[in-house]
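Enquirer: I'd like to ask some things about the structure below.
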Amino acid sequence: MHVPDLIRRKRDGEELADEEIEELVQGYVRGVVPDYQMAAFLMAVYFQGMNERETAALTRAMVRSGGVVDLSSVPGVKLDKHSTGGVADTTTLVLLPLVASAGVAVAKMSGRGLGYTGGTIDKLESVPGFRTHLSAVEFVAQVRRIGLALTAQSRELTPADQQLYALRDVTATVESPALIASSVMSKKIAGGADKIVLDVKVGRGALLPDERGARDLAERMVRLGERMGREVTAFLTDMDQPLGLAIGNALEVIEAVEVLQGKAWGELRELSVAIGAEMVRMAGVEVDAAEALRLLEAKLDRGEALDMFRRWIEAQGGDGRVAEDPRRFLPKAAHVRVVTAAAGGYIQDIDPKRLGRLVQSLGAGRRRKEDVVDLSVGVVLGGKVGDRIPDGEPLAVIHARSLQDLDLAEREVRSAIILSRDPVPRRPVILDRISHGS
(Lines of atoms letter the chains of each structure in order from A and count residues from 1; the text may use other names and numbers.)
(Lines give C-alpha, C1' and ligand atoms only; values in the text may rest on other atoms or scores of the structure.)
Protein backbone atom coordinates (compact mmCIF):
# COMPACT_ATOMS: atom_id res chain seq x y z
CA MET A 1 0.00 0.00 0.00
CA HIS A 2 1.34 3.41 -1.00
CA VAL A 3 -0.55 5.83 1.23
CA PRO A 4 0.30 9.06 -0.66
CA ASP A 5 -1.19 7.48 -3.79
CA LEU A 6 -4.43 6.66 -1.96
CA ILE A 7 -4.59 10.23 -0.65
CA ARG A 8 -3.96 11.65 -4.13
CA ARG A 9 -6.58 9.46 -5.77
CA LYS A 10 -9.25 10.34 -3.23
CA ARG A 11 -8.22 14.00 -3.43
CA ASP A 12 -8.88 13.82 -7.18
CA GLY A 13 -12.29 12.23 -6.69
CA GLU A 14 -11.44 8.65 -7.63
CA GLU A 15 -13.07 5.61 -6.04
CA LEU A 16 -10.99 3.35 -3.81
CA ALA A 17 -11.31 -0.43 -3.70
CA ASP A 18 -12.65 -2.13 -0.58
CA GLU A 19 -9.27 -3.79 -0.03
CA GLU A 20 -7.44 -0.45 -0.18
CA ILE A 21 -9.74 1.10 2.42
CA GLU A 22 -9.37 -1.96 4.65
CA GLU A 23 -5.57 -1.86 4.45
CA LEU A 24 -5.45 1.88 5.15
CA VAL A 25 -7.62 1.58 8.25
CA GLN A 26 -5.78 -1.43 9.67
CA GLY A 27 -2.45 0.28 8.98
CA TYR A 28 -3.58 3.32 10.94
CA VAL A 29 -4.67 1.21 13.91
CA ARG A 30 -1.31 -0.62 13.92
CA GLY A 31 0.60 2.68 13.83
CA VAL A 32 2.04 2.09 10.35
CA VAL A 33 0.04 5.00 8.91
CA PRO A 34 0.84 8.19 10.89
CA ASP A 35 -1.66 10.85 11.98
CA TYR A 36 -0.52 13.34 9.35
CA GLN A 37 -1.27 10.96 6.47
CA MET A 38 -4.63 9.91 7.87
CA ALA A 39 -5.51 13.57 8.46
CA ALA A 40 -4.79 14.28 4.80
CA PHE A 41 -6.94 11.34 3.76
CA LEU A 42 -9.81 12.52 5.96
CA MET A 43 -9.64 15.97 4.38
CA ALA A 44 -9.72 14.42 0.91
CA VAL A 45 -12.85 12.48 1.90
CA TYR A 46 -14.35 15.64 3.39
CA PHE A 47 -14.09 17.42 0.02
CA GLN A 48 -14.66 14.51 -2.39
CA GLY A 49 -16.95 12.27 -0.36
CA MET A 50 -17.40 8.51 -0.64
CA ASN A 51 -20.06 6.53 -2.46
CA GLU A 52 -22.19 3.98 -0.60
CA ARG A 53 -19.89 1.07 -1.43
CA GLU A 54 -16.83 2.94 -0.14
CA THR A 55 -18.70 4.06 2.97
CA ALA A 56 -19.76 0.46 3.65
CA ALA A 57 -16.17 -0.70 3.15
CA LEU A 58 -14.91 1.93 5.59
CA THR A 59 -17.57 0.90 8.11
CA ARG A 60 -16.67 -2.80 7.82
CA ALA A 61 -12.97 -2.01 8.20
CA MET A 62 -13.66 -0.04 11.35
CA VAL A 63 -15.80 -2.85 12.78
CA ARG A 64 -13.10 -5.44 11.94
CA SER A 65 -10.44 -3.37 13.72
CA GLY A 66 -11.81 -4.78 16.99
CA GLY A 67 -14.33 -7.24 18.34
CA VAL A 68 -18.11 -7.37 18.08
CA VAL A 69 -20.23 -7.69 21.23
CA ASP A 70 -22.27 -10.90 21.34
CA LEU A 71 -25.62 -10.09 22.94
CA SER A 72 -27.25 -13.39 21.98
CA SER A 73 -27.44 -14.40 25.65
CA VAL A 74 -29.75 -11.43 26.35
CA PRO A 75 -33.39 -12.36 25.69
CA GLY A 76 -35.51 -10.34 23.31
CA VAL A 77 -34.66 -7.64 20.78
CA LYS A 78 -31.71 -5.44 21.75
CA LEU A 79 -31.92 -1.75 20.80
CA ASP A 80 -29.35 1.01 20.40
CA LYS A 81 -29.73 4.73 19.80
CA HIS A 82 -27.37 7.34 18.43
CA SER A 83 -27.48 11.11 17.98
CA THR A 84 -25.34 12.84 15.38
CA GLY A 85 -24.66 15.49 17.98
CA GLY A 86 -25.92 18.90 18.90
CA VAL A 87 -25.97 21.52 21.63
CA ALA A 88 -27.72 20.67 24.91
CA ASP A 89 -28.61 17.26 23.46
CA THR A 90 -29.08 15.23 26.64
CA THR A 91 -31.59 12.80 25.16
CA THR A 92 -29.54 9.66 25.86
CA LEU A 93 -29.53 10.22 29.62
CA VAL A 94 -33.33 10.39 29.67
CA LEU A 95 -34.11 7.96 26.87
CA LEU A 96 -32.06 4.93 27.91
CA PRO A 97 -33.50 4.44 31.41
CA LEU A 98 -36.96 5.38 30.11
CA VAL A 99 -36.95 2.65 27.46
CA ALA A 100 -35.30 0.12 29.77
CA SER A 101 -38.02 0.77 32.36
CA ALA A 102 -40.51 -0.46 29.73
CA GLY A 103 -38.69 -3.80 29.51
CA VAL A 104 -36.73 -3.10 26.32
CA ALA A 105 -33.04 -4.08 26.46
CA VAL A 106 -30.74 -1.18 25.54
CA ALA A 107 -27.03 -1.67 24.80
CA LYS A 108 -25.21 1.51 23.82
CA MET A 109 -21.66 2.48 22.96
CA SER A 110 -21.07 6.23 23.21
CA GLY A 111 -18.40 8.79 22.39
CA ARG A 112 -16.91 11.95 23.81
CA GLY A 113 -17.59 15.52 22.75
CA LEU A 114 -16.92 16.26 19.09
CA GLY A 115 -16.19 19.88 18.22
CA TYR A 116 -18.67 22.17 19.99
CA THR A 117 -21.18 19.34 20.52
CA GLY A 118 -21.24 17.56 23.85
CA GLY A 119 -20.48 13.87 24.36
CA THR A 120 -22.45 11.44 26.52
CA ILE A 121 -19.29 9.95 28.02
CA ASP A 122 -18.05 13.36 29.20
CA LYS A 123 -21.46 14.05 30.75
CA LEU A 124 -21.58 10.75 32.62
CA GLU A 125 -18.03 11.20 33.91
CA SER A 126 -19.35 14.11 35.96
CA VAL A 127 -21.20 11.51 38.09
CA PRO A 128 -18.87 10.54 40.97
CA GLY A 129 -17.56 7.00 40.55
CA PHE A 130 -19.36 6.24 37.29
CA ARG A 131 -17.37 3.80 35.15
CA THR A 132 -17.61 4.71 31.48
CA HIS A 133 -15.34 1.89 30.31
CA LEU A 134 -16.80 -1.61 30.54
CA SER A 135 -15.24 -4.73 29.08
CA ALA A 136 -17.35 -6.65 26.58
CA VAL A 137 -18.06 -9.27 29.25
CA GLU A 138 -19.17 -6.63 31.78
CA PHE A 139 -21.25 -4.87 29.13
CA VAL A 140 -23.21 -7.99 28.19
CA ALA A 141 -23.63 -9.09 31.81
CA GLN A 142 -25.08 -5.72 32.78
CA VAL A 143 -27.59 -5.70 29.90
CA ARG A 144 -28.64 -9.20 30.96
CA ARG A 145 -28.93 -8.15 34.63
CA ILE A 146 -30.73 -4.77 34.49
CA GLY A 147 -31.62 -4.35 30.80
CA LEU A 148 -29.32 -1.37 30.22
CA ALA A 149 -25.61 -0.69 29.76
CA LEU A 150 -23.55 2.08 28.21
CA THR A 151 -19.84 2.06 27.58
CA ALA A 152 -17.22 4.24 25.97
CA GLN A 153 -15.32 3.01 22.98
CA SER A 154 -12.29 0.95 23.88
CA ARG A 155 -9.43 -0.89 22.24
CA GLU A 156 -11.69 -3.95 22.23
CA LEU A 157 -14.45 -2.35 20.14
CA THR A 158 -13.87 -0.24 16.98
CA PRO A 159 -10.42 1.10 17.94
CA ALA A 160 -10.18 2.52 14.42
CA ASP A 161 -13.23 4.70 15.00
CA GLN A 162 -11.92 5.84 18.37
CA GLN A 163 -8.68 7.05 16.76
CA LEU A 164 -10.38 8.57 13.72
CA TYR A 165 -13.03 10.25 15.90
CA ALA A 166 -10.35 12.06 17.90
CA LEU A 167 -8.43 13.02 14.76
CA ARG A 168 -11.52 14.40 13.00
CA ASP A 169 -12.27 16.52 16.05
CA VAL A 170 -9.01 18.47 15.66
CA THR A 171 -8.64 18.54 11.85
CA ALA A 172 -11.92 20.24 10.81
CA THR A 173 -13.20 17.03 9.17
CA VAL A 174 -16.16 16.39 11.47
CA GLU A 175 -18.93 17.45 9.06
CA SER A 176 -18.50 14.77 6.38
CA PRO A 177 -21.57 12.58 5.67
CA ALA A 178 -19.42 9.57 4.76
CA LEU A 179 -17.24 9.91 7.86
CA ILE A 180 -20.20 10.53 10.16
CA ALA A 181 -22.13 7.57 8.72
CA SER A 182 -19.21 5.14 8.98
CA SER A 183 -18.36 6.31 12.50
CA VAL A 184 -21.92 5.97 13.75
CA MET A 185 -22.70 2.67 12.09
CA SER A 186 -19.39 1.00 12.97
CA LYS A 187 -20.08 1.66 16.65
CA LYS A 188 -23.65 0.44 16.32
CA ILE A 189 -22.68 -2.78 14.50
CA ALA A 190 -19.84 -3.53 16.94
CA GLY A 191 -22.14 -2.82 19.88
CA GLY A 192 -24.17 -5.89 18.99
CA ALA A 193 -27.70 -4.42 19.00
CA ASP A 194 -30.32 -5.92 16.69
CA LYS A 195 -32.05 -2.66 15.79
CA ILE A 196 -30.97 0.97 15.82
CA VAL A 197 -32.68 4.35 16.13
CA LEU A 198 -30.82 7.43 14.90
CA ASP A 199 -31.41 11.06 15.87
CA VAL A 200 -30.07 13.14 12.98
CA LYS A 201 -29.84 16.81 13.90
CA VAL A 202 -30.71 19.63 11.49
CA GLY A 203 -29.84 23.31 11.95
CA ARG A 204 -27.06 25.68 12.96
CA GLY A 205 -26.11 23.64 16.02
CA ALA A 206 -25.85 20.38 14.06
CA LEU A 207 -22.83 18.93 12.31
CA LEU A 208 -24.86 19.17 9.09
CA PRO A 209 -26.85 22.42 9.25
CA ASP A 210 -29.02 22.14 6.13
CA GLU A 211 -31.95 19.74 5.92
CA ARG A 212 -30.89 18.36 2.55
CA GLY A 213 -27.50 17.26 3.89
CA ALA A 214 -28.99 15.87 7.09
CA ARG A 215 -31.65 13.97 5.17
CA ASP A 216 -28.98 12.53 2.88
CA LEU A 217 -27.02 11.39 5.94
CA ALA A 218 -30.10 9.81 7.53
CA GLU A 219 -31.02 7.94 4.35
CA ARG A 220 -27.39 6.87 3.89
CA MET A 221 -27.28 5.37 7.38
CA VAL A 222 -30.64 3.61 6.99
CA ARG A 223 -29.37 1.98 3.76
CA LEU A 224 -26.00 1.22 5.36
CA GLY A 225 -27.80 -0.57 8.18
CA GLU A 226 -29.79 -2.56 5.63
CA ARG A 227 -26.54 -3.63 3.92
CA MET A 228 -25.33 -4.93 7.28
CA GLY A 229 -28.50 -6.69 8.34
CA ARG A 230 -29.79 -4.12 10.82
CA GLU A 231 -33.20 -2.43 10.91
CA VAL A 232 -32.58 1.30 11.27
CA THR A 233 -35.03 4.16 11.80
CA ALA A 234 -33.83 7.76 11.67
CA PHE A 235 -35.50 10.90 13.02
CA LEU A 236 -34.68 14.33 11.62
CA THR A 237 -34.84 16.72 14.58
CA ASP A 238 -34.40 20.45 15.05
CA MET A 239 -31.04 21.81 16.17
CA ASP A 240 -31.56 25.43 15.13
CA GLN A 241 -31.63 26.16 18.84
CA PRO A 242 -30.27 24.12 21.78
CA LEU A 243 -32.44 21.09 22.56
CA GLY A 244 -32.44 21.49 26.33
CA LEU A 245 -31.80 24.45 28.58
CA ALA A 246 -28.46 23.25 29.99
CA ILE A 247 -25.22 23.30 27.98
CA GLY A 248 -22.24 21.71 29.74
CA ASN A 249 -21.52 18.29 31.18
CA ALA A 250 -22.70 18.27 34.82
CA LEU A 251 -25.36 20.87 34.05
CA GLU A 252 -26.87 18.59 31.41
CA VAL A 253 -26.94 15.66 33.83
CA ILE A 254 -28.87 17.86 36.26
CA GLU A 255 -31.43 18.70 33.58
CA ALA A 256 -31.78 15.04 32.56
CA VAL A 257 -32.42 14.00 36.16
CA GLU A 258 -35.02 16.76 36.54
CA VAL A 259 -36.82 15.44 33.45
CA LEU A 260 -36.78 11.94 34.96
CA GLN A 261 -38.04 13.39 38.26
CA GLY A 262 -40.98 15.00 36.45
CA LYS A 263 -39.75 18.51 37.27
CA ALA A 264 -38.77 19.59 33.73
CA TRP A 265 -40.79 19.57 30.54
CA GLY A 266 -40.19 20.91 27.05
CA GLU A 267 -38.42 19.59 23.98
CA LEU A 268 -35.97 17.33 25.83
CA ARG A 269 -38.78 15.31 27.38
CA GLU A 270 -40.87 15.42 24.19
CA LEU A 271 -38.06 14.07 22.00
CA SER A 272 -37.00 11.42 24.52
CA VAL A 273 -40.54 10.06 24.72
CA ALA A 274 -41.01 10.13 20.93
CA ILE A 275 -37.77 8.28 20.16
CA GLY A 276 -38.44 5.92 23.05
CA ALA A 277 -41.86 5.06 21.64
CA GLU A 278 -40.23 4.11 18.32
CA MET A 279 -37.75 1.88 20.17
CA VAL A 280 -40.59 0.19 22.04
CA ARG A 281 -42.35 -0.47 18.72
CA MET A 282 -39.18 -1.83 17.10
CA ALA A 283 -38.63 -4.14 20.08
CA GLY A 284 -41.90 -5.87 19.27
CA VAL A 285 -44.01 -4.59 22.15
CA GLU A 286 -47.60 -4.91 20.91
CA VAL A 287 -48.76 -1.31 21.19
CA ASP A 288 -49.61 1.28 18.58
CA ALA A 289 -47.80 4.62 18.37
CA ALA A 290 -50.20 6.46 20.68
CA GLU A 291 -50.15 3.65 23.25
CA ALA A 292 -46.33 3.59 23.22
CA LEU A 293 -46.25 7.32 23.96
CA ARG A 294 -48.72 6.92 26.83
CA LEU A 295 -46.76 3.96 28.20
CA LEU A 296 -43.54 5.98 28.42
CA GLU A 297 -45.26 9.09 29.80
CA ALA A 298 -46.60 6.85 32.57
CA LYS A 299 -43.10 5.46 33.25
CA LEU A 300 -41.90 9.04 33.80
CA ASP A 301 -44.90 10.09 35.88
CA ARG A 302 -44.69 7.05 38.18
CA GLY A 303 -40.94 7.43 38.75
CA GLU A 304 -40.08 4.09 37.14
CA ALA A 305 -37.68 5.68 34.63
CA LEU A 306 -35.93 7.52 37.48
CA ASP A 307 -35.60 4.24 39.41
CA MET A 308 -34.00 2.65 36.35
CA PHE A 309 -31.62 5.62 36.03
CA ARG A 310 -30.50 5.08 39.64
CA ARG A 311 -30.01 1.34 39.06
CA TRP A 312 -27.97 2.10 35.93
CA ILE A 313 -25.75 4.64 37.69
CA GLU A 314 -25.11 2.29 40.62
CA ALA A 315 -24.52 -0.71 38.34
CA GLN A 316 -21.60 1.17 36.78
CA GLY A 317 -20.13 2.27 40.11
CA GLY A 318 -21.69 5.72 40.28
CA ASP A 319 -23.26 7.51 43.22
CA GLY A 320 -26.98 6.75 43.00
CA ARG A 321 -27.79 9.78 45.14
CA VAL A 322 -27.37 11.83 41.97
CA ALA A 323 -30.85 10.58 41.03
CA GLU A 324 -32.29 12.32 44.11
CA ASP A 325 -30.24 15.51 44.41
CA PRO A 326 -27.95 16.06 41.40
CA ARG A 327 -27.06 19.64 42.35
CA ARG A 328 -25.54 18.39 45.60
CA PHE A 329 -23.46 15.54 44.24
CA LEU A 330 -22.22 16.81 40.84
CA PRO A 331 -19.22 19.12 40.23
CA LYS A 332 -19.80 22.84 40.75
CA ALA A 333 -18.09 25.72 38.96
CA ALA A 334 -16.07 28.25 40.96
CA HIS A 335 -18.01 31.24 39.62
CA VAL A 336 -21.67 31.69 38.69
CA ARG A 337 -23.34 34.73 37.12
CA VAL A 338 -26.98 35.40 36.26
CA VAL A 339 -27.37 37.33 33.00
CA THR A 340 -30.67 39.22 33.06
CA ALA A 341 -32.74 40.70 30.25
CA ALA A 342 -32.18 44.45 29.92
CA ALA A 343 -35.65 44.71 28.40
CA GLY A 344 -38.32 42.04 28.47
CA GLY A 345 -39.59 40.25 25.40
CA TYR A 346 -40.10 36.94 23.63
CA ILE A 347 -37.09 34.86 22.66
CA GLN A 348 -36.87 35.18 18.88
CA ASP A 349 -33.62 33.33 18.31
CA ILE A 350 -30.91 31.41 20.16
CA ASP A 351 -27.71 30.70 18.23
CA PRO A 352 -26.80 27.13 19.26
CA LYS A 353 -23.42 27.03 17.55
CA ARG A 354 -22.29 30.26 19.19
CA LEU A 355 -23.32 28.98 22.60
CA GLY A 356 -21.79 25.57 21.94
CA ARG A 357 -18.47 27.16 21.05
CA LEU A 358 -18.70 29.43 24.08
CA VAL A 359 -19.18 26.49 26.43
CA GLN A 360 -16.34 24.66 24.67
CA SER A 361 -14.10 27.70 25.27
CA LEU A 362 -15.08 27.75 28.95
CA GLY A 363 -13.48 24.30 29.20
CA ALA A 364 -16.40 21.91 28.67
CA GLY A 365 -15.05 20.73 25.29
CA ARG A 366 -11.76 19.96 23.58
CA ARG A 367 -9.63 21.89 21.10
CA ARG A 368 -6.94 19.19 21.02
CA LYS A 369 -7.63 15.50 21.37
CA GLU A 370 -5.53 15.27 24.56
CA ASP A 371 -7.39 18.13 26.33
CA VAL A 372 -9.08 17.40 29.66
CA VAL A 373 -12.59 18.85 29.99
CA ASP A 374 -13.94 20.82 32.93
CA LEU A 375 -17.10 18.96 33.91
CA SER A 376 -18.60 21.84 35.92
CA VAL A 377 -18.71 24.75 33.47
CA GLY A 378 -21.43 25.77 31.06
CA VAL A 379 -24.55 27.84 30.48
CA VAL A 380 -28.17 27.28 31.54
CA LEU A 381 -30.72 29.14 29.43
CA GLY A 382 -33.68 31.00 30.88
CA GLY A 383 -35.98 29.87 28.10
CA LYS A 384 -36.35 28.65 24.52
CA VAL A 385 -37.59 30.27 21.31
CA GLY A 386 -41.15 31.49 21.88
CA ASP A 387 -40.78 31.85 25.66
CA ARG A 388 -41.36 35.25 27.28
CA ILE A 389 -38.55 36.67 29.43
CA PRO A 390 -39.78 39.54 31.65
CA ASP A 391 -37.63 42.63 32.23
CA GLY A 392 -34.88 41.81 34.73
CA GLU A 393 -35.44 38.05 34.62
CA PRO A 394 -32.62 35.60 33.69
CA LEU A 395 -31.65 35.15 30.06
CA ALA A 396 -29.08 32.61 31.20
CA VAL A 397 -26.90 31.52 34.10
CA ILE A 398 -23.17 31.15 33.40
CA HIS A 399 -20.96 28.66 35.27
CA ALA A 400 -17.23 29.37 34.80
CA ARG A 401 -13.74 28.85 36.21
CA SER A 402 -12.79 32.53 36.45
CA LEU A 403 -14.24 36.05 36.58
CA GLN A 404 -12.56 36.75 33.25
CA ASP A 405 -14.44 33.82 31.72
CA LEU A 406 -17.70 35.18 33.14
CA ASP A 407 -17.17 38.54 31.44
CA LEU A 408 -16.42 36.92 28.09
CA ALA A 409 -19.36 34.55 28.42
CA GLU A 410 -21.83 37.30 29.30
CA ARG A 411 -20.99 39.20 26.11
CA GLU A 412 -21.42 36.04 24.04
CA VAL A 413 -24.70 35.09 25.71
CA ARG A 414 -26.19 38.53 25.07
CA SER A 415 -25.16 38.29 21.41
CA ALA A 416 -26.50 34.75 21.00
CA ILE A 417 -30.01 35.35 22.42
CA ILE A 418 -32.29 37.74 20.52
CA LEU A 419 -35.52 39.05 22.05
CA SER A 420 -38.57 40.40 20.24
CA ARG A 421 -41.39 42.58 21.56
CA ASP A 422 -43.89 40.48 19.60
CA PRO A 423 -44.85 36.86 20.32
CA VAL A 424 -42.75 34.27 18.47
CA PRO A 425 -44.07 30.85 17.36
CA ARG A 426 -42.41 27.74 18.77
CA ARG A 427 -40.58 25.35 16.46
CA PRO A 428 -41.42 21.66 16.10
CA VAL A 429 -38.63 19.47 17.44
CA ILE A 430 -39.31 16.45 15.17
CA LEU A 431 -39.11 17.25 11.46
CA ASP A 432 -39.40 13.79 9.88
CA ARG A 433 -39.00 10.05 10.38
CA ILE A 434 -37.05 7.94 7.85
CA SER A 435 -36.98 4.15 7.64
CA HIS A 436 -36.49 1.46 5.01
CA GLY A 437 -39.13 1.89 2.34
CA SER A 438 -40.35 5.27 3.62
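Sequential numbering from 1 applies to the sequence shown in UniProt numbering. Ideal placement from N, C-alpha and C gives every residue a C-beta, glycine not left out.
For Gly266, which residues from the same chain have a beta carbon less than 7 Å from its beta carbon, with the 5 sequence-adjacent residues on both sides left out?
Expert: Cβ neighbours of Gly266 beyond the five flanking positions: Lys384.
Enquirer: For Val74, which residues in the same chain have their Cβ closer than 8 Å to its Cβ, ignoring the five residues on either side in sequence?
Expert: Ala105, Ala107, Val140, Val143 and Arg144.
Enquirer: For the beta strand (DSSP E) containing Lys10, list its first residue and its last residue.
Expert: It is not in any beta strand (DSSP E) - Lys10 instead sits in the alpha helix (DSSP H) that spans Val3 to Arg11.
Enquirer: Taking Cβ positions, are Thr132 and Gly66 nearer each other than 8 Å?
Expert: No, the pair does not count as a contact, with Cβ atoms beyond the cut-off.
Enquirer: Check this for me: beta carbons of Val25 and Val3, under 8 Å apart or not?
Expert: No; because the gap between Cβ atoms is not below 8 Å, this pair is not in contact.
Enquirer: Tell whether a beta-carbon distance below 8 Å holds between Thr151 and Gly356.
Expert: No, Cβ-Cβ distance for Thr151 and Gly356 is not below 8 Å.
Enquirer: Between which two residues does the beta strand (DSSP E) holding Met109 run?
Expert: Met109 -> beta strand (DSSP E) spans Ala105 to Ser110.
Enquirer: Assign Val373 to one of three DSSP states: helix, strand, or coil.
Expert: Three-state DSSP puts Val373 in coil, outside helix and strand.
Enquirer: State the DSSP-derived secondary structure class of Glu175, mapped to helix, strand or coil.
Expert: Correct three-state label for Glu175: coil.
Enquirer: At which residue ranges does the segment 286 to 365 contain complete alpha helix (DSSP H) runs of 4 or more residues, listed in the order of the chain?
Expert: The segment 286 to 365 contains these whole alpha helix (DSSP H) runs: 289 to 301, 304 to 315, 326 to 329 and 352 to 359.
Enquirer: What residues match up with residue 484 in a beta bridge as DSSP calls it?
Expert: Absent from the structure is residue 484, since the part of the chain shown begins at 1 and ends at 438.
Enquirer: Following the continuous beta strand (DSSP E) through Ala149, name the residue where it begins and the one where it ends.
Expert: It spans Leu148 to Ala152 - the beta strand (DSSP E) in which Ala149 sits, taken as one unbroken run.
Enquirer: Go to Glu410, then tell me how far its alpha helix (DSSP H) extends in each direction, as first and last residue.
Expert: Glu410 -> alpha helix (DSSP H) spans Leu403 to Ala416.
Enquirer: Rounded to the nearest angstrom, what separates Leu293 and Leu179 at their Cα positions?
Expert: For Leu293 and Leu179, the distance between alpha carbons rounds to 33 Å.
Enquirer: Taking the Cβ atom as the reference point for each residue, do Ala88 and Gly213 lie within a distance shorter than 8 Å?
Expert: No, they are not a contact pair.
Enquirer: Might you give, ordered along the chain, the residues of its own chain that have their beta carbon closer than 6 Å to the beta carbon of Trp312, omitting 5 neighbours on each side?
Expert: Excluding residues within five positions, the ones whose Cβ falls inside 6 Å are Pro97 and Leu148.
Enquirer: Please report the Cβ distance between Leu236 and Ala218, rounded to the nearest whole angstrom; I am assuming they are in contact, meaning their Cβ atoms lie under 8 Å.
Expert: Contact holds; Cβ gap of about 6 Å.
Enquirer: Just to confirm before moving on: does the CB-CB distance between Leu300 and Gly262 stay below 8 Å?
Expert: A contact, by the Cβ cut-off of 8 Å.
Enquirer: Given this structure, state the Cα-to-Cα distance separating Tyr36 from Ser176, to the nearest angstrom.
Expert: Their Cα atoms are separated by approximately 18 Å.
Enquirer: Tell me where the alpha helix (DSSP H) around Ala396 begins and ends.
Expert: Ala396 -> not in any alpha helix (DSSP H); beta strand (DSSP E) instead, spanning Pro394 to Ala400.
Enquirer: Candidates Asp18, Val68 and Arg366: which alpha carbon is nearest Glu156's?
Expert: Nearest of Asp18, Val68 and Arg366 to Glu156, Cα basis: Val68.
Enquirer: Measuring CB to CB, does Val222 end up less than 8 Å from Ile434?
Expert: Yes, they are a contact pair.
Enquirer: Is the Cβ-Cβ distance between Val373 and Arg366 less than 8 Å?
Expert: It is a contact, given that the beta carbons lie within the stated cut-off.
Enquirer: Tell me the DSSP secondary structure of Leu236 in three-state form.
Expert: Strand, per DSSP.
Enquirer: What's the gap between the Cα of Thr233 and the Cα of Asp391?
Expert: Cα to Cα, the separation comes out at about 44 Å.
Enquirer: So what does Ile196 bridge to, in DSSP terms?
Expert: According to DSSP, Ile196 bridges with Asp80 and Val232.
Enquirer: What do you reckon, are the CB atoms on Asp199 and Val77 nearer than 8 Å?
Expert: No, Cβ-Cβ distance for Asp199 and Val77 is not below 8 Å.
Enquirer: Rank Leu296, Ser83, Ala17 and Val94 by C-alpha distance to the C-alpha of Leu260 and give the top, closest one.
Expert: The residue with the shortest Cα to Cα distance from Leu260 is Val94.
Enquirer: Are the beta-carbon atoms belonging to Ala181 and Thr55 less than 8 Å from one another?
Expert: Cβ distance < 8 Å, so Ala181 and Thr55 count as in contact.
Enquirer: Let's test the definition: count the other Cβ atoms within 10 Å of the Cβ of His82 and tell me whether it reaches 16, buried, or not, exposed.
Expert: Under this definition His82 is a buried residue.
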